[in-house]
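Sequential numbering of the sequence shown, starting at 4, is according to the working numbering.
By construction, the Cβ of each residue, glycine as well, lies at the ideal position given by its N, Cα and C atoms.
Note that the structure is predicted; figures quoted are calculated from it, not measured.
Below you'll find the structure, written out as structure tokens, and then a few comments.
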Amino acid sequence: MAAQKHEATFVGLDIGTSKVVCVVGLHQQDLATPSIIGLGVAPVTGLKRGVVTDVEETVSAITTALEEAERMSGVAIERATINIDGAHVQSTNTSGVVAVARADREIVAEDLARVEAVASAVNLEANRQIISVIPKSYHVDDQRGVTDPVGMHGIKLEMDAHIIAGAMPAIKNLDNAVFRSGIAINQHIVTPIAAAKALVSNQQKDLGVAVVHFGSETTGIVVYSAGVIIFTGIVPLGSNHITKDLVYGLRTSLEVAEKLKVEHGVARKPKGKTNHKLSLEEYGSAGNVYQYDIDTIISSRLEEIFVMVKDQLQKALEGGETLGSGIIITGGGANMPELTHFARSILNTPTHLGRVTGYTGISDKISDPLFTSAVGLMLLDMEAPTSHSHRKLGQALPGIIGKIKSIFKGLMP
Numbered sequence: 004m005a006a007q008k009h010e011a012t013f014v015g016l017d018i019g020t021s022k023v024v025c026v027v028g029l030h031q032q033d034l035a036t037p038s039i040i041g042l043g044v045a046p047v048t049g050l051k052r053g054v055v056t057d058v059e060e061t062v063s064a065i066t067t068a069l070e071e072a073e074r075m076s077g078v079a080i081e082r083a084t085i086n087i088d089g090a091h092v093q094s095t096n097t098s099g100v101v102a103v104a105r106a107d108r109e110i111v112a113e114d115l116a117r118v119e120a121v122a123s124a125v126n127l128e129a130n131r132q133i134i135s136v137i138p139k140s141y142h143v144d145d146q147r148g149v150t151d152p153v154g155m156h157g158i159k160l161e162m163d164a165h166i167i168a169g170a171m172p173a174i175k176n177l178d179n180a181v182f183r184s185g186i187a188i189n190q191h192i193v194t195p196i197a198a199a200k201a202l203v204s205n206q207q208k209d210l211g212v213a214v215v216h217f218g219s220e221t222t223g224i225v226v227y228s229a230g231v232i233i234f235t236g237i238v239p240l241g242s243n244h245i246t247k248d249l250v251y252g253l254r255t256s257l258e259v260a261e262k263l264k265v266e267h268g269v270a271r272k273p274k275g276k277t278n279h280k281l282s283l284e285e286y287g288s289a290g291n292v293y294q295y296d297i298d299t300i301i302s303s304r305l306e307e308i309f310v311m312v313k314d315q316l317q318k319a320l321e322g323g324e325t326l327g328s329g330i331i332i333t334g335g336g337a338n339m340p341e342l343t344h345f346a347r348s349i350l351n352t353p354t355h356l357g358r359v360t361g362y363t364g365i366s367d368k369i370s371d372p373l374f375t376s377a378v379g380l381m382l383l384d385m386e387a388p389t390s391h392s393h394r395k396l397g398q399a400l401p402g403i404i405g406k407i408k409s410i411f412k413g414l415m416p
């Protein structure tokens, strides 16, 4: 008799400011990495800088991305790990200490839960909630740098942690949009941490590395040193701000500006005034624009963004940590030609482009940096406490019942 094949599916749902991306992964017990079996992408206009501003439009985009991923994968999606983004996201490093409870002084899981609760007891501003509590290291009595203290013996257990918090209304509005699209949420992960999950090796984390997720309206940053997260931050600017600058600077439409950015945008400082003109007739508009002006507008905004990134990195590394593995730039905005060279000139650190590689299935479809965070969310979904298997489409829930559920869901306030 052939051995039974154990497999499970996991879902990452990246709700960005310009696109919603859903990635479905299939993990088989005998394989080290999951296979990418589903991808859904939908444009969205219901968010600004990572925050929901139009619930109905956001629900529609999420539903479209989910349905596309379901059709491709043949899986009925019921749960997902989702991202949190926006300038409201903030982080801090903290610590907590408790006495080991057992009489024999053996540390058990309950002790870890108690010390995490103590470390999480930070003073938050009104209407803010904790998104993630990420252990950095444990200390048992005088022994520091313990990675897993369960089973050890001691009198005192201490934990250093990285706490990430966000605005409660922004998180609840996003959750509401996801729930109304018909799925449950396994966990929330901030976007740059999700991107790092898909790109960064343990060795890179040990040596020190920063991941910069260059999104539409925000740029997320996460920094690792000695194997753990020491900083996360969000810059409230992204690639859409370049498009808007082109609109105002060239006095053209949003549609034409986006096409000019994609087709003629290069991350470089203009070297001198040239007469190289581009006709706007092929974009359905009148007049001409100069490549010099495009370069000037783009480089000015990019310089502003990466100076802000540099400021955040300096804050992250003020304890003397170094980025031995450099900086990885990913996200949809990272597709601009020469971006890593431009960023390196400002950040003064080796910088390269981050793409997802090493997966089977439809791996060719997810190599674009746009999909990095969605893949990372899928990988983190595998580690969620409520990790799960999804139904295959057509199983367990008859179609008519599903339609009835959808009708009632649409009537819910």
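One or two residues paired with residue i in a DSSP bridge
| i | result |
| --- | --- |
| Y141 | V149, M162 |
| G43 | C25 |
| D17 | V24 |
| K51 | V54 |
| A170 | R131 |
| G223 | H216, I237 |
| E109 | H156 |
| E10 | Q31 |
| I331 | V214, H355 |
| G364 | I39 |
| V136 | I166 |
| N291 | S282 |
Endpoints, the alpha helix (DSSP H) within which residue i is located
| i | result |
| --- | --- |
| Y286 | Where Y286 is concerned, there is no enclosing alpha helix (DSSP H), given that its DSSP letter is neither H nor E. |
| E113 | 112-123 |
| S348 | 342-350 |
| N126 | That residue, N126, is in no alpha helix (DSSP H); it is neither H nor E in DSSP. |
| I301 | 294-319 |
| H355 | Here H355 belongs to no alpha helix (DSSP H); instead the beta strand (DSSP E) covers 354-356. |
| N243 | 242-253 |
| E266 | 257-267 |
Where residue i falls: helix, strand or coil (DSSP)
| i | result |
| --- | --- |
| H2 | Nothing can be reported for residue 2, as the shown portion of the chain is limited to 4 through 416. |
| L382 | helix |
| H191 | strand |
| S98 | strand |
| E71 | helix |
| R82 | strand |
| A90 | coil |
| T61 | helix |
| S228 | strand |
| T325 | coil |
| G77 | coil |
| R183 | helix |
| I403 | With a pLDDT of 30 at I403, under the threshold of 50, the modelled position of that residue is not reliable, and the figure given next carries that caveat. In the structure shown, I403 sits in a helix (DSSP, three-state: H, G or I). |
| S376 | helix |
| G275 | coil |
| D178 | helix |
| A337 | helix |
Distance between beta carbons of residue j and residue i, contact taken as under 8 angstroms
| i | j | result |
| --- | --- | --- |
| P298 | R271 | It is worth fixing the name first, because residue 298 is Asp in this sequence and not Pro. D298 to R271, Cβ: 6 angstroms. Contact. |
| I87 | L380 | Their Cβ separation, rounded to whole angstroms, is 11 angstroms, which puts I87 and L380 out of contact at 8 angstroms. |
| N189 | A387 | 4 angstroms |
| V118 | V101 | 5 angstroms |
| R183 | V62 | 5 angstroms |
| P138 | A164 | 6 angstroms |
| K274 | T246 | The pair is not a contact, with the Cβ atoms about 23 angstroms apart (cut-off 8 angstroms). |
| V226 | I233 | 5 angstroms |
| V92 | L177 | At roughly 12 angstroms, the Cβ-Cβ gap does not stay under 8 angstroms, so V92 and L177 are not in contact. |
| A72 | G99 | Not really, about 39 angstroms apart at Cβ, beyond 8 angstroms. |
| I166 | V125 | 6 angstroms |
| V27 | A180 | That belief does not hold up - the Cβ atoms of V27 and A180 are roughly 20 angstroms apart, past 8 angstroms. |
| V214 | A198 | 6 angstroms |
Sequence-distant residues of its chain with Cβ nearer than 8 angstroms to residue i (five each side left out)
| i | result |
| --- | --- |
| Y144 | The sequence as given places Asp at residue 144; Tyr does not occur at that position. G157, I158, K159. |
| T20 | V47, L50, K51, R52, G53, D88, G218, S219, E220, T221, G241, N243 |
| S288 | T255, S256, V259 |
| K395 | Interpretation of K395 is limited by its pLDDT of 46, a score under 50 that renders its predicted location unreliable; no figure is taken from the coordinates. |
| K276 | Y295 |
| A35 | none |
7 angstroms Cβ shell around residue i - same chain, five flanking residues per side excluded
| i | result |
| --- | --- |
| A68 | V23, V24, C25, G43, V44, A45 |
| R108 | H156, G157, I158 |
| K262 | Y286 |
| T95 | V125, I166 |
Any non-hydrogen atom of the ligand NAD closer than 7 angstroms to residue i Cβ
| i | result |
| --- | --- |
| L253 | Looking at this structure, you won't find the ligand NAD or any other ligand, since it has none at all. |
Beta strand (DSSP E) segment containing residue i, residue limits
| i | result |
| --- | --- |
| K280 | 280-282 |
Beta-carbon proximity list for residue i, same chain, < 6 angstroms, skipping 5 on both sides
| i | result |
| --- | --- |
| I174 | none |
Chain C within 8 angstroms of residue i, Cβ atoms only
| i | result |
| --- | --- |
| E341 | Judged by its chain identifiers, the structure shown contains no chain C, having just a single protein chain. |
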